[in-house]
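Sequence order for the protein chains is A and B. The letter at position 64 of the first sequence is residue 64 when you use our numbering, and the numbering goes up by one with no holes. One rule links them: number in our numbering = place in the second sequence (from 1) + 1000.
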Amino acid sequence: MPKTASDSPQGALDLLILKALSRGANHGFGISLLIEETSDGLIHLEEGSLYPALHRMERDGWLSGDWQQTPNGRRARFYALTSAGRKRLVEIEERWKNYSKGVSRVLRYV
Amino acid sequence: MMRRLKDWFRRNELDRSIEEEMASHVEMRAELNRNAGMDPDSAQRAARLRFGNPVSARERTRSVHLGEWFESIAQDVHYAVRQYRRDPLFTVTAVMTVMLGVGASSAVFSVVDRILFRDLPYPNGERLVSVGFSAPIEPAEFLLGADYVEWKRAKLPFDQFTSWRGTVDCDLTEASPQRLSCGEVEWNFVPALGIRPLIGRSFTAEEDLPGGPGAVMLTYAFWHARFHADPRVVGRGVSIDGVNSNIVGVLPKEFEMPTLNRVDVLVPQRLNPAGQRRPNTGAVLRGFARLRPGITPEMAQQQMQPLFAESLKFVPPAFRKEVKLVVHPLRARRTQEVRNASVMLFGAVLAVLLIACLNVANLLLARAASRRPEMAARAALGASRARLLRQNLTESLVLGMAGGMAGLGLAALLLRSLPGIAPEGLLHLANASLDWRVFAFALTCSIIAGVVSGLVPALEKPPTLAAAGRNRTAMRAPRFQHALISTQIALSLALLTGATLLLESLRNLEQQPLGFSRDHLALVHITLNRQRYAAAQQRLAFWESLEQTVATIPGVQSLAVSDSAPPAGRARSMIYSVIDVEGRPPIADGTGGMVVWRSVTPGYFTTLGTRIVQGRPFEAADRQPGSDVLIMDEQLAHRMFPQGDAVGKRVRPGRSGPWRTVVGVVSANSNAGLTGKSDPEYYLARPRNQDAGLFESYVLVRSATGSESLSRSIRSAVALRDAEQPVEIESMDQRIANLADRPRFNAVLLTGFACAGLLLAAVGLYGVTGFLVSQRQREICIRMAVGASRSRMLLMVLERTWRWTAVGLLAGLAAAWWMNHALVSLLFGVKPGDPVVYLGASLAVLLLATLAALLPSVRAARSDPARTLRQE
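In structure tokens, the structure reads:
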């Protein structure tokens, strides 16, 4: 069963977004598409919930966003990692790995 | 914080941007779907489905920018408004209740603000005092010129000390002449009050000297009315009473005389220094001073005692004991007469506001009961108690604000209509307006109304979901409601007794016997122009011919000319102890109080309907020069000649002049207004010589009908003689009604408040009983189904309301007792503890309460038990 981001532990959505953006600036739809494809369809974001997160991270200075033209000639808001965002990505990626390591150990033994 | 605020204001822009961003997302997904071979419609639908709830996404995104706090408050408000829209009857009732409370209190506040709270319109006004003697002749502080001159030389606890003589009628004698009110002031009067002229300057010392250059300052209103606010007017000359004076300055708009007299212009008082030297007494002045910083009025009074003792030496021994030195804060001096009434009205209107708040609280309580399931659900879903409290408060604040805004409208309306019934002068109604202070007051009231009415229901613990879902009969009627109802009843009762007492006083005032008959009696007041009637002979001729002409008007039964007219207003008077009685030693001890006297033509007693008790009235012959007769009223005759043998005795008023023979004793007329204790009075025959050449007199005209046409005939009679002479005509009824203006205003307002309070309390009781009945409908039906009679059920409900009402009445009686004893200075001819008033008011409230409770109870008792139970 595909997981939606809101089912996943705290911070997962942030991590996914930051990771997706580490491959270059993208708009909200692009990010959700990227996550979907790279997770081989295992993660289906509830796409609407992307935006509060994007705006929050922009507010907190991890992302910068501005309106640009897509290759298809559509206007979309593109987000890019800031240096603070890059640092943050390293940080939560580390934390996530530890966390999921812990979770899999628990799953193995209990 | 600032950025959030900025975002808050840029809300629309932000909204558009978020919307566009999301729309573009959905579009891209739809395009992808189409490319994958879906038809456009399903492509769009699938894209939307993938996106999820767009409203929620938008809201959450927006809240990132606006901050949770703002957003959730906005949500609460939004939610509250939506709730209220769904229940228009409740909303309208609640908003109108708050409107009534806030509107009435704001209107009254704007009136009493200047009297009770607002700073005086002078810089450091709290340091201004009124300084002078107080004596039986003149209870309001006054100064004598000689003392004032002495005092000014001494070391005083004042920074500034100034005086004025009062207002006189004066005439603007140039093209389109105009009668003005001139304030005669010392040259330093305006600066001593701390007032700077708007343009020009104040008077100079030189202008205040007799024979100094003529100077005049204009008040703002007069400057506007007469000179169209032309700033070039300063330096121009105007002719006042025929004397050319220079306009030196214009007073600012806020300027008012410290005693609130109406003035058009100020002129220097120009005391003659020679006249202000002891043993002369000099002019009568009103003194005002600015206390040195740190000096209280009491300290100043203490420090001035030696000076006062010195002045007292020049006071005739007869007066000494009765003369006091007074240093009175200016605010107290200005408001002494209206302070009590203002406090009473303000207190009463706050009581109405409180009743209104309690009413809304009650309505909200009832509503809260019906919303228990909702609240329980919210609590179960994790809303904290604080969160629910906030929701409650937001809702009631929304109500409060809506009501407050409507209330300001009501206040504006009231203020526009109040001056119609309000007395002139001291109440400041002309100045009362909705300024920022009133707005602030109304805002405060609205917030208080919101918090008070919202807090009470919010204090109830949110029920558990299970409890809320249970059968409704399990629910108890909220305990608070009883207390609220009882409080409302108590307040309404207190208001009602107060209003009844004031109405009773008003009736007593208007109907008290004045000693003369007041029907069909017209008073013609004429003040002759000082230039055109400069010679006494001209004035005498005017009055003589006027008397003759008016006598020929059809319908006139009798008439008299007098220098003054009862029952109030300026009349000449002297102290009792200077009236010598032939064959008795002069009275040396005390003044004996005041004795009023008038100079009247023989028709005076007939015209007023004053009874001749002994002797005879005046005759035409008594007006001849050299006549020396006098008529006393009973009060004076009793006092001076207790044996009742006044007629034939000889007296000499004022210790000088001829001895006068008492030829008659007449019944006493009121001469101290409606409330004052009348002074004894005597009459002289208005002599037909130069002494009768008064500038100002009254013609009293008794007619058969007292119609409008009489006034017209009198006016044309005057115009025939002098077309430019202004005439004031009023009926005695009007004059008496005018004297009762202030008590009427108080009574009308308090009655209005009492009615509003009662109405609100009744609505509250109606609502609560209705709620109670609906809660117990099931119980009532079961009881009726097993055989209880309708009347028994009715009684069951009524018994409860009677219990609340009884508690309220008891508390109300105590409150009323206390309040009405504070009202005592406003009452006339009625005791503050009059049991009839309390009993009547209690019965009225009880009756109203029963009616309010009866309506919903009857409805409940009439319902068909079977049907109701089935519905349950």
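A virtual CB, placed ideally from N, CA and C, is assigned to each residue, including glycine.
**Message:** How far does the alpha helix (DSSP H) with B:F1109 in it extend, from its first residue to its last?
**Reply:** P1088 to V1112
**Message:** Using the three-state DSSP reduction, which class does A:T38 fall into: helix, strand or coil?
**Reply:** helix
**Message:** On the CB-based measure, 16 or more other CB atoms within 10 Å of its CB, does B:H1078 come out buried or exposed?
**Reply:** exposed
**Asked** Taking DSSP as the reference, what is the three-state secondary structure of B:F1161?
**Response** strand
**Message:** Taking the beta strand (DSSP E) that B:Q1614 belongs to, which residues open and close that run?
**Reply:** I1612 to G1615
**Request:** Helix, strand or coil for B:P1554, going by three-state DSSP, please let me know.
**Result:** coil
**Asked** From this set, B:P1329, B:G1583, B:I1579 and B:R1803, which residue's C-alpha is nearest B:M1632's C-alpha?
**Response** B:I1579
**Message:** Let me confirm a value: B:A1668 is counted as buried when at least 16 other C-beta atoms fall within 10 Å, else exposed. Which label applies?
**Reply:** buried
**Request:** Compare the C-alpha of B:Q1178 against each of B:E1184, B:E1186, B:D1169 and B:V1185 and name the closest.
**Result:** B:D1169
**Asked** Just to confirm, are B:A1841 and B:T1497 a CB contact at a threshold of 7 Å?
**Response** yes
**Request:** Would you tell me roughly how many angstroms separate the C-alpha atoms of B:R1688 and B:N1529, rounded to the nearest one?
**Result:** 20 Å
**Request:** Give the residues of chain A in contact with B:S1024, contact being defined as C-beta atoms less than 7 Å apart.
**Result:** R74, R75 and A76
**Asked** Out of B:G1249, B:T1769, B:R1236 and B:V1267, which has the shortest C-alpha to C-alpha gap to B:G1166?
**Response** B:V1267
**Asked** Is B:A1057 close to chain A, meaning its C-beta is less than 7 Å from at least one C-beta of that chain?
**Response** yes
**Message:** Please state the DSSP three-state secondary structure of A:W67.
**Reply:** strand
**Beta-bridge pairing of B:N1873 - partner residues as DSSP gives them** = The requested residue 1873 of chain B does not occur in the structure, where chain B is confined to residues 1001 to 1872.
**Message:** For the beta strand (DSSP E) containing B:V1129, name the first residue and the last one.
**Reply:** L1128 to A1135
**Asked** Do B:A1380 and B:S1106 have their C-beta atoms within less than 7 Å of each other?
**Response** no
**Prompt:** What's the gap between the Cα of A:L13 and the Cα of B:T1394?
**Reply:** 34 Å
**Closer than 9 Å at the beta carbon, the chain A residues around B:R1385** = In chain order: nothing, as chain A lies at least about 26 Å away.
**Asked** How many angstroms separate the CA atom of B:A1351 from the CA atom of B:Q1481?
**Response** 18 Å
**Item:** Which of helix, strand or coil DSSP assigns to B:H1328
**Value:** strand
**Message:** Taking 8 Å as the cut-off, does the stretch 1396–1409 of chain B touch the stretch 1436–1450 of chain B (at least 3 CB pairs, one atom from each stretch)?
**Reply:** yes
**Asked** Which word fits B:Q1511, buried or exposed, when buried means at least 16 other C-beta atoms lie within 10 angstroms of its C-beta?
**Response** exposed
**Request:** Can you pull the chain A residues whose beta carbon is under 8 Å from the beta carbon of B:P1054, in chain order?
**Result:** G48
**Message:** Closer than 7 Å between beta carbons: that is the criterion. Which residues of the stretch 56–74 of chain A meet it against chain B?
**Reply:** R56, R59 and R74
**Message:** Residues of the stretch 9–32 of chain A in Cβ contact with chain B at a cutoff of 7 Å, in chain order, please.
**Reply:** G28 and F29
**Prompt:** Would you call the stretch 1650–1658 of chain B and the stretch 1497–1509 of chain B touching, i.e. three or more CB-CB distances under 8 Å?
**Reply:** no
**Prompt:** Does the beta carbon of A:Y79 sit closer than 7 Å to a beta carbon anywhere in chain B?
**Reply:** no
**Message:** On the DSSP letters alone, give me the boundaries of the beta strand (DSSP E) that B:A1849 sits inside.
**Reply:** From DSSP, B:A1849 is part of no beta strand (DSSP E) but of the alpha helix (DSSP H) over P1835 to R1862.
**Three-state class that DSSP yields for A:N26 in the structure shown** = strand
**Request:** Could you have a look at A:Y109 and say whether DSSP puts it in helix, strand or coil?
**Result:** helix
**Asked** Pairing CB atoms from the stretch 1639–1650 of chain B with CB atoms from the stretch 1541–1549 of chain B, are three or more of them under 8 Å?
**Response** no
**Item:** Proximal chain A residues relative to B:E1027, where beta-carbon distance stays under 8 Å
**Value:** R74
**Request:** Indicate whether the contact test is met: 3 or more Cβ pairs, each with one atom in the stretch 1313–1330 of chain B and one in the stretch 1725–1742 of chain B, closer than 8 Å.
**Result:** no
**Asked** Does the Cβ of B:L1846 lie closer than 6 Å to at least one heavy atom of the ligand GTP?
**Response** In the structure shown, the ligand GTP is absent, as is every other ligand, since no ligand is present at all.
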